[in-house]
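In the working numbering, the protein residues as written are 25 to 446.
Dropping the structure here:
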């Protein structure tokens, strides 16, 4: 489906404000929500796995690329989405999972990973060699990043099958996955000079080393001036990006900008971002954040309806995260009382790494089972999940707990979808 994606974005050269959002999550309810949204819109669905989530060693999901492909395909088929509408992408594919190792070793592992993604049918590949490796004395220059990206691309091209040729995303100014780890109040957009140099260097290296591939480079990752930290969001300011946007519009190539960390923006910001050429919008933590909101709302309902047979979901989450702090402690450098709030409410939503833990998964299953045995009053739903209450009353969604959760996740996706319709 890379050809369909490339054609969709190429419409921008004809003055059509085409865009697409990229769902960066491995949770089945999030993927179900995205598939249902795509069915309703009749749109392509772009789902991406990151190098930390899914790689040749399983990543933190325990899935290699082929297993993730099959996992997503099963969910989207059940949701009624044609597999031909699904585009699978690999996000931050490069040495990041092994960046503490020397560059030679980290890059060798990254090449194996990229090849495995492409061989499994992933056709939208973000080549991310922007980070320093263990023996890099300084942050790598654009020239070094471009050379490393080309090496990754060579591995990807060698792994191609008979289907669509992969399309590529490049860039050097790539935000940290998952949101900022420190307070961010203002953020400049990438300078035009930096974007121009990055694109020129990559084009020169790719055309020298990879015949015919440059025409399949569809996007450049830049910073539009958006970000989120634990409890604040830097909103898009079109004026700050105006020079960069003008430069993009003057390019002869049908290249768009890819914007990372777009979670939690106001709805109008997504419209403006797509209009201005930030046509691939990454979203991840905001989706699992919404899922957690719905689960906690349903747990409150459970506490009033289920008697003594309660799931204990919040307690299971807290106990598991305290017992296994590796996925959140490096990011929440705060006093203990503040850490407790961040574990539950941080925009970076580090709890998303824990939903597959046995104790938490069992608690979620108990919550769903308990709520299936009781009658959730409409008046209670109005208090806890008011938008889902409205849709339930209108007969647009079912009243089972999973459908309520999925629809609450779709509240986030609806904002992206509205901005990307063209």
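Note that beta-carbon positions come from the ideal geometry of N, C-alpha and C, so glycine has one too.
Distance between residue 425 and residue 351, taken at the CA atoms: about 28 Å.
The alpha helix (DSSP H) runs of length 4 or more contained entirely in the stretch 346-421 are, from start to end of the chain, 360-369, 382-396, 402-408, 410-417. DSSP places residue 302 outside both helix and strand once states are collapsed to three, so it counts as coil.
Assigned with DSSP and collapsed to three states, residue 252 falls in strand. Where residue 44 is concerned, the enclosing beta strand (DSSP E) starts and stops at 44-47. Counting only the Cα atoms, residue 346 lies some 14 Å from residue 359.
Counting other Cβ atoms within 10 Å of its Cβ, residue 94 stays below 16 and is therefore classed as exposed. Rounded to whole angstroms, residue 26 and residue 188 show a C-alpha spacing of 6 Å.
DSSP, reduced to helix, strand and coil, places residue 320 within a helical segment of the structure shown. By the neighbour-count criterion, in which 16 or more other beta carbons inside 10 Å mark a residue as buried, residue 410 falls on the exposed side. As computed with DSSP, residue 192 is found in a beta bridge with 149, 241. Close CB contacts of residue 340 within its chain, under the 6 Å cut and outside five residues either way in sequence, are with 383, 384, 387 (chain order).
Under DSSP, residue 261 shares a beta bridge with no residue. Using a Cβ-Cβ distance cut-off of 8 Å, the stretch 417-437 and the stretch 312-324 are in contact, since at least three pairs of beta carbons, one from each stretch, lie closer than that value. Rounded to the nearest whole angstrom, the CA to CA distance from residue 321 to residue 361 is 23 Å. Annotation: the continuous alpha helix (DSSP H) that includes residue 441 extends over 425-444.
Taking C-beta atoms as the reference points, residue 69 and residue 242 fail to come closer than 7 Å.
Residue 264 places its beta carbon 7 Å or farther from that of residue 286. Beta-bridge partners of residue 113 (DSSP): 72, 148. Per DSSP, reduced to three states, the secondary structure at residue 282 is strand.
Taking all protein chains shown into account, residue 163 has fewer than 16 neighbouring C-beta atoms within 10 Å of its C-beta and is therefore exposed.
Fewer than three beta-carbon pairs drawn from the stretch 33-44 and the stretch 100-110 are found closer than 8 Å, and the two stretches are therefore not classed as touching. Its Cα nearest to that of residue 378, the residue 337 stands out among 170, 418, 337. Three or more Cβ pairs closer than 8 Å define a contact, and the stretch 255-264 falls short of that threshold against the stretch 215-235. Residue 211 and residue 197 have their C-alpha atoms some 13 Å from each other. Burial of residue 53 is indicated by the presence of at least 16 other C-beta atoms within 10 angstroms of its C-beta.
Residue 301 has its alpha-carbon roughly 36 Å from the corresponding atom of residue 365. The beta carbons of residue 348 and residue 335 sit about 20 Å from each other, so the pair does not count as a contact at 8 Å. Of all alpha-carbon atoms in 240, 375, 282, the one lying nearest the alpha-carbon of residue 342 is that of 375. Taking residue 330 as reference, the option from 250, 294, 268, 399 with the minimal CA-CA separation is 399. In chain order, 49, 54, 433, 436 place their CB closer than 6 Å to the CB of residue 311, counting only its own chain and leaving out the 5 sequence neighbours on each side. If you check the CB distance, residue 100 and residue 174 do not come in under 7 Å.
For residue 270, the enclosing alpha helix (DSSP H) stretches over residues 266-274. In the structure shown, residue 246 adopts coil according to DSSP, grouped into three states.
Listed in chain order, the non-local C-beta contacts of residue 47 below 8 Å within the same chain comprise 54, 55, 58, 69, 70, 71, 72, 307, 308, 311, 437, local neighbours out to five positions each way being set aside. With 16 or more neighbouring CB atoms inside 10 Å of its own CB, residue 367 falls in the buried class.
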